[in-house]
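Structure first, commentary second.
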Amino acid sequence: MTSAAEITAAVRQLYNTYPFPPEPLLDEPPPGYNWRWSWPAAYSFCTGRYPSQLEVAILDAGCGTGVGTEYLAHLNPQAKITALDLSEGALEIARERCRRSGATNVEFHHLSLEDVAQLGQRFQMINCVGVLHHLPDPQRGIQALADVLAPGGILHIFVYGAYGRWEIKLMQQAIALLLGSDRHNYREGVAIGRQLFAALPQNNRLKKREQERWSLENQRDECFADMYVHPQEIDYTIASLFDLIAASGLEFVGFSNPQVWRLERLLGTQPELLHRAQHLDPIQQYQLIECLDPEAMTHFEFFLAKPPLPRHDWSEDAALLVAIPWRHPCLDGWPGACVFNCHYDVIQLNQAEQQFLTAATGQKNVAEVLAEQPGFNLAGVRSLLERDLLLLGVKE
Numbered sequence: 000m001t002s003a004a005e006i007t008a009a010v011r012q013l014y015n016t017y018p019f020p021p022e023p024l025l026d027e028p029p030p031g032y033n034w035r036w037s038w039p040a041a042y043s044f045c046t047g048r049y050p051s052q053l054e055v056a057i058l059d060a061g062c063g064t065g066v067g068t069e070y071l072a073h074l075n076p077q078a079k080i081t082a083l084d085l086s087e088g089a090l091e092i093a094r095e096r097c098r099r100s101g102a103t104n105v106e107f108h109h110l111s112l113e114d115v116a117q118l119g120q121r122f123q124m125i126n127c128v129g130v131l132h133h134l135p136d137p138q139r140g141i142q143a144l145a146d147v148l149a150p151g152g153i154l155h156i157f158v159y160g161a162y163g164r165w166e167i168k169l170m171q172q173a174i175a176l177l178l179g180s181d182r183h184n185y186r187e188g189v190a191i192g193r194q195l196f197a198a199l200p201q202n203n204r205l206k207k208r209e210q211e212r213w214s215l216e217n218q219r220d221e222c223f224a225d226m227y228v229h230p231q232e233i234d235y236t237i238a239s240l241f242d243l244i245a246a247s248g249l250e251f252v253g254f255s256n257p258q259v260w261r262l263e264r265l266l267g268t269q270p271e272l273l274h275r276a277q278h279l280d281p282i283q284q285y286q287l288i289e290c291l292d293p294e295a296m297t298h299f300e301f302f303l304a305k306p307p308l309p310r311h312d313w314s315e316d317a318a319l320l321v322a323i324p325w326r327h328p329c330l331d332g333w334p335g336a337c338v339f340n341c342h343y344d345v346i347q348l349n350q351a352e353q354q355f356l357t358a359a360t361g362q363k364n365v366a367e368v369l370a371e372q373p374g375f376n377l378a379g380v381r382s383l384l385e386r387d388l389l390l391l392g393v394k395e
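Read in order, the letters of the sequence shown correspond to residues 0 to 395 in numbering that gives the first Met the number 0.
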């Protein structure tokens with residue numbers, strides 16, 4: 000039986016051989032955005048309200064080559080970013096990436112996620128993407144993160160899904176069989192994997208899935224190795240995922256790709272079935288979606304929180320009128336009549352909506368902005384909110 004120390008050493012060896020992710024280093028801030036890495040956007044998703052402070056401590060737990068770290072730093076310039084990883088090679092690239100892009104609010108630590116308590120810090124936000132499923136004991140890992148999460152803090156996690164990675168798992172096993180006792184020769188594993196895909200018939204299910212879903216990113220050996228020759232991977236179903244969440248002692252806030260988890264997406268044309276499904280408890284609803292759309296279950300991404308966590312829904316007009324509006328920090332094409340929202344949906348804005356968003360700088364409340372814009376109303380404000388163009392806060 001492989002020990003935890005041996006697994007950790009093998010994972011470190013993989014990422015020293017193939018530092019991941021292999022995104023190029025730039026002499027400028029990274030392009031675009033991921034709203035999950037923006038503290039105001041992520042906190043608003045979890046609570047419904049703009050955070051009361053921006054000078055927070057953010058942890059990137061398992062930062063790799065610093066792609067997410069760099070975004071965290073540039074999207075949250077007032078925050079202090081702490082990043083850790085067990086791969087010396089990946090950390091070296093991460094440091095250089097942030098230096099070249101001008102991310103100065105980051106400090107790096109060569110440290111395993113399970114040992115995060117050694118930092119002696121508490122964090123308002125933790126980002127842990129693609130890490131827990133590679134640990135020898137993910138439960139221990141998530142508990143370590145929960146221990147350093149501040150009360151009222153949020154934790155964003157990304158782990159692999161079992162049903163959507165069925166073909167990947169089979170190819171991993173095939174490569175391992177052919178490697179035999181040389182399992183940790185990752186370069187040989189990549190070579191064998193590529194030979195296998197070349198040899199398989201065109202209609203082979205594993206080959207078709209690779210070509211249709213993964214081949215573009217897997218042109219790079221770092222990505223191919225991370226997917227097919229990783230020495231440690233635990234994939235989750237909804238059932239095992241919520242067992243992991245329960246072990247953390249944290250509160251499940253919601254999936255950060257909520258559109259995937261809408262029953263209407265799959266059952267909208269059958270009202271009776273939809274009605275029946277809506278009477279299931281939330282976890283059973285997730286399991287139903289998982290069963291009906293396994294190809295979409297390549298991963299799970301979600302937020303957890305350590306209570307107390309405030310919740311605001313702005314359904315009452317009186318509360319909305321005194322709310323402080325902020326233009327969403329993750330918009331592309333602004334200012335303009337056609338923008339991408341935080342999900343990169345194309346949004347057309349009329350003149351009144353543009354005027355309101357221009358004034359949504361956190362200086363005035365909704366009533367004060369509307370008083371200067373007689374042609375706009377609360378329905379318009381709610382429409383901006385529903386389309387993820389606006390965040391709302393409260394006056395402290």
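Where a beta carbon is used, it is the ideal one built from N, C-alpha and C, also for glycine.
As the structure is a prediction and not an experimental result, all values here were calculated from the model.
| Asked | Found |
| --- | --- |
| Would you kindly check if the distance between the Cβ of L134 and the Cβ of L233 is under 9 Å? | Looking at the sequence provided, one finds Ile at residue 233 rather than Leu. Contact flag set, yes. |
| Could you name the residues of the same chain whose beta carbon sits closer than 6 Å to that of E69, not counting the 5 residues immediately before and after it, in chain order? | P29, R96, C97, S100, A102 |
| So is P39 buried or exposed if we call it buried at 16+ other beta carbons inside 10 Å? | buried |
| DSSP has R326 in a bridge; who is on the other side? | L389 |
| Have a look at N104 and D114 and give me their C-alpha separation to the nearest angstrom. | 22 Å |
| Would you mind reading off the limits of the beta strand (DSSP E) that contains L177? | It is not in any beta strand (DSSP E) - L177 instead sits in the alpha helix (DSSP H) that spans 165–178. |
| Using only the alpha-carbon positions, how far apart do V147 and N349 sit? | 45 Å |
| Can you tell me which of the three DSSP states P334 falls into? | coil |
| Can you tell me whether A143 is helix, strand or coil according to DSSP? | helix |
| Taking only runs of the alpha helix (DSSP H) that begin and end inside the stretch 262–305, which ones reach a length of at least 4 residues, in chain order? | 262–266, 270–277, 281–291 |
| Between Q269 and the ligand NAD, is there a pair consisting of the residue's CB and a ligand heavy atom that are separated by less than 8 Å? | For the ligand NAD, the structure offers nothing, since it holds no ligand at all. |
| Can you tell which of S51, N15, T46, D220 has the C-alpha that lies nearest to the C-alpha of K394? | S51 |
| Count the other C-beta atoms from every protein chain shown that fall within 10 angstroms of the C-beta of A197, then say buried if there are 16 or more, exposed otherwise. | exposed |
| Alpha carbon to alpha carbon, what distance is there between Q269 and A304? | 35 Å |
| Hey, out of A322, N340, A317, whose CA is closest to P328's CA? | N340 |
| Check whether the Cβ atoms of D84 and L71 lie closer than 9 Å to each other. | no |
| Taking DSSP as the reference, what is the three-state secondary structure of A149? | strand |
| Could you work out which residue in I153, W165, G67, F19 is closest to H298 when comparing CA atoms only? | W165 |
| Distance check for K206 and M170, CA to CA, integer angstroms please. | 9 Å |
| Should the stretch 312–332 be called in touch with the stretch 356–376, which here means at least 3 C-beta pairs below 8 Å? | yes |
| Could you tell me how far apart the beta carbons of I167 and L177 are, in whole angstroms, since I believe they sit closer than 8 Å? | Actually they are not in contact, since the Cβ atoms of I167 and L177 sit about 16 Å apart, beyond 8 Å. |
| Does any CB atom of chain B fall closer than 9 Å to the CB of A93? | Checking the listed chains, one finds no chain B in this structure; it contains a single protein chain. |
| Taking DSSP as the reference, what is the three-state secondary structure of G361? | coil |
| With DSSP as the reference, label F19 as helix, strand or coil. | coil |
| DSSP on V345, reduced to helix/strand/coil? | strand |
| Would you report the Cα separation of E300 and S180, rounded to the nearest angstrom? | 34 Å |
| In terms of alpha-carbon separation, which member of H73, R182, T64, I57 lies closest to K79? | I57 |
| So for L199, helix, strand or coil by DSSP? | coil |
| Only counting the same chain, and skipping five residues up and downstream in sequence, which positions put a Cβ closer than 7 Å to that of V338? | L330, D331, G332, I346, L348 |
| Check F355 in the structure and name its three-state DSSP category. | helix |
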